[in-house]
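These notes concern the structure reproduced below.
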Amino acid sequence: MRIFSKDIQNKVGETVTVAGWVQSRRDHGGLVFIDLRDHSGLTQLTIRPDEVDKPTFEMVEGLRDEFVIEATGQVVERDESLKNPNIVSGSVELVMQNLRLLNKAEPLPFQVSDENLSSEETRLKYRYLDLRRPHMQDMLKKRAAYYSFIRSYMEANDFTEIATPILANSSPEGARDFLLPSRLHPGKFYALPQAPQQFKQLLMVGGVHRYYQFATCFRDEDPRADRLYGDFYQLDMEMSFVEDGEVVRNMIDPLVKNLVKDFAGKTLLDEDLPRMTFDDAMNRFGSDKPDLRFGMELVDLSSELASCGFGVFSKAIEGGGSVKAIVVSGKADMSRSQLDKLTERAKQLGAGGMPYMTIEAGKATSSIAKFFSDEDLSVIVEKTGASDGDLLLFGADSREKVNKVLGGLRSHLGDELGLKDPNVVSALWVVDFPFYEWDEAAKKIDFGHNPFSMPKGGLEGLDAEDKLSIVADQYDLVMNGYECASGAVRNHDPEIMYKAFGVLGYDAAYVEEKFGAMLNAFKFGAPPHAGAAPGLDRIFMVLTGVDNVREVVAFPKNGSGVDLMMQSPSRVDEQQLKELGISCTS
RNA sequence: GGGCCCGUGGUGUAGUGGCCUAACAUGCCUCCCUGUCACGGAGGAGAUCGCCGGUUCAAAUCCGGUCGGGCCCGCCA
């Protein structure tokens, strides 16, 4: 009878067969032990020369790591002193009688072990070997359980799973598309969907009550540690007859709560998943995805230091900007080189420099202290709440830049100083995103996030004098500083759509050309609807506490968008290109 | 597109002008070993230090370029 390592302890006295890989062979000359690894764990095979025939024993002597074998023998309880609690079948061993060599293996490029990790490059090149590691096996199983957990929840709440096309249309907004040439229509292209956004809205028009899908999304943008290249997964969902984003948030909250607590066994920082406005998030944490597991909030000193003697500060405020500070608790002793590194980081984030002070005997001191009056210095200490031994970092520039710089430093320091408790998950909703934003590069206003959101206040809301003050009914779920979902109450009214684009100077013809299908559909009785798209890879990353998404995906591309194992992308046959009417210039 | 960091036997690291004829761990090969479980013991093979060029009496080490990898900025409806 063929059984698995995890079940073998119940088979004492029986003759069973196990199959798997040789994890290790311990040859004592006369007595040989083999750790056989299957999907469920290890089983120790014991081979005694007097219990097997000679050819079999010789075969055992020839076994090497990762050979694939099938062993038959009797399950024997181990002596108490020989039991090994570290393996799944540690109270027994299989006294081998027969051995079948199912396949040989060349020496591996690295050992299959959770202890000695190779470089990521090597691991990705031989991902199939990396996946043999217990940790990766666990990850794959956990991920399947996570999917099933979510599926049950969605079904229980009356969501219908519907697949949408992978061959879709290029969309003018958003990320760079992956294009696919059409053979039947030379010169035309499909695009892989960045998200099933339009399809799911059309499903609402199609009378679907609630839709969801584990959607593959494709974006041709440069990857990051928390962003996969190419394809990634979203729990794409949409609900009809919903005019208030709070309904969608309330729907997702229990799922997040259960995933964090029951599934991941972690603690939620705030069980109520607080709502924070975009403005609040930016002003207090310098980020639209704040990690609330630690403080270090940005303190605005603009009104206090408007007329201080330090030109860098006073000029920034004079020019309509801000001066803010963060308190790095107990870090007054930070070394010169550490400060230099922080300054480098600040500069990379767009700062001109990084003024700092330290607090000694209740007083703020530093090389720039001489530019401040005693009064200014004590106001700084008072307003920031800094105490002896603390380090103060300043930002002085436009409000946006100061937020970005100090927010970036705050997050970085949170990592460096170990302020992010790995067993706690900070989950919150950031709401009221700006509908329009100033595009500095193009010197014009543009949609803040996407043109499908409903502007708050609807048609009249768009009349606001200051277009940048209009907020969208759009919301992001933030978990441990990662943007983990984005959603919105959608604009289902053609009139508002035309007007929203009109503000940017686009005429009706443009809107019809770009979003014809949606506009048309909306003319035939579109219900109000709202939805969201939680990022499945990223949330799983937070739940399992890793800081690189590639660790939670079976076959990820590397940082250059290359699959090191399959060597994609690759060149194709001339014939294939010819058929598609394509020629390469490089 | 830009910034920073890394590249040394199969794997992971040390070595940052001469003591390097390149060290350590692990893996690999041979032999010994009947209770190990990251078994142990003895011996052995395996690296033109990513590549090209330069500086120097002397380069793994310094400089320039290039290729590959990582992190970040830009970008990411």
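Residue numbers for the first sequence follow the numbering used here, so the first one is 12 and each next one is one higher. Just so it is clear, CB atoms sit at the ideal spot from N, CA and C, and this is done for glycine as well.
Closest residue to residue i among the options (Cα-Cα distance)
i	options	result
leucine 112	Val79, Ser102, Gln359, Pro545	Val79
phenylalanine 382	Pro366, Gly396, Arg59	Pro366
tyrosine 447	Asn434, Gly429, Gly469, Asp477	Asp477
phenylalanine 62	Thr54, Ala275, Leu42	The residue asked about is misnamed: residue 62 is glutamate in this sequence, not phenylalanine. It is Leu42 whose Cα lies nearest to the Cα of glutamate 62.
glycine 492	Thr227, Val573, Ala292, Lys374	Ala292
tyrosine 509	Pro466, Lys22, Glu166, Ser130	Pro466
arginine 59	Gly185, Gly40, Asp548	Gly40
serine 480	Asn502, Arg501, Ala499, Trp449	Trp449
lysine 431	Asp247, Leu530, Leu279	Leu279
glutamine 205	Ser333, Gly218, Ser181	Ser181
valine 564	Lys272, Tyr139, Val435	Tyr139
threonine 171	Lys211, Leu424, Lys342	Lys211
tyrosine 201	Pro192, Leu402, Asp474, Val86	Pro192
alanine 537	Met165, Ala179, Glu254	Glu254
leucine 270	Gly364, Leu530, Arg154, Val583	Arg154
C-beta atoms of residue i and residue j nearer than 8 Å
i	j	result
serine 313	isoleucine 328	yes
alanine 438	leucine 284	yes
aspartate 504	glutamate 494	no
histidine 50	serine 251	no
threonine 288	valine 489	no
valine 216	phenylalanine 512	no
leucine 11	threonine 57	No information on residue 11 is available, as it lies outside the stretch 12 to 597 that the chain covers here.
serine 16	glycine 52	yes
glutamine 55	alanine 544	no
glutamate 315	lysine 394	yes
leucine 239	valine 560	yes
isoleucine 177	leucine 203	yes
alanine 336	isoleucine 370	no
Three-state secondary structure (DSSP) of residue i
i	result
histidine 503	coil
glutamine 349	helix
tyrosine 158	helix
methionine 603	Given that the chain is displayed from residue 12 to residue 597, the structure contains no residue 603 and the question cannot be resolved.
arginine 549	helix
proline 466	strand
tyrosine 164	helix
lysine 431	coil
aspartate 635	Outside the modelled stretch of the chain, which goes from 12 to 597, sits residue 635, for which no answer is possible.
isoleucine 19	helix
glutamate 308	coil
asparagine 95	coil
glycine 513	helix
alanine 519	helix
glycine 419	helix
leucine 588	helix
tyrosine 240	coil
isoleucine 177	coil
glycine 527	helix
histidine 50	coil
Residue i versus residue j - alpha carbon distance
i	j	result
serine 422	aspartate 302	8 Å
glutamate 411	glycine 306	20 Å
tyrosine 157	phenylalanine 225	12 Å
leucine 554	asparagine 127	24 Å
glutamine 578	asparagine 569	11 Å
proline 445	serine 497	14 Å
proline 120	aspartate 188	36 Å
serine 571	valine 557	21 Å
leucine 93	arginine 48	19 Å
glutamate 524	arginine 221	28 Å
isoleucine 161	methionine 262	12 Å
aspartate 237	glutamate 69	50 Å
serine 433	methionine 552	The sequence given here has proline at residue 433, not serine. Distance between the alpha carbons of proline 433 and methionine 552 is about 12 Å.
lysine 272	aspartate 264	12 Å
lysine 268	glycine 276	10 Å
glycine 322	proline 462	41 Å
asparagine 294	glycine 542	27 Å
glycine 341	glutamine 485	38 Å
valine 334	threonine 376	17 Å
leucine 353	glycine 419	10 Å
arginine 286	histidine 146	35 Å
Any non-hydrogen atom of the ligand PLP within 7 Å of residue i CB
i	result
lysine 272	Inclusion of the ligand PLP in the displayed structure is not the case, the ligand content being empty and no account of it being possible.
Counting Cβ pairs closer than 8 Å, one from the stretch 79–91 and one from the stretch 24–41, do we hit at least three? yes
Are at least three pairs of beta-carbons, each pair with one atom in the stretch 518–526 and one in the stretch 218–238, less than 8 Å apart? no
Taking contact to mean at least 3 C-beta pairs separated by less than 8 Å, is the stretch 381–398 in contact with the stretch 344–363? No: fewer than three Cβ pairs fall under 8 Å.
With three or more C-beta pairs closer than 8 Å as the rule, is the stretch 579–593 touching the stretch 190–205? Yes, since at least three Cβ pairs between the stretch 190–205 and the stretch 579–593 fall closer than 8 Å, the two stretches touch.
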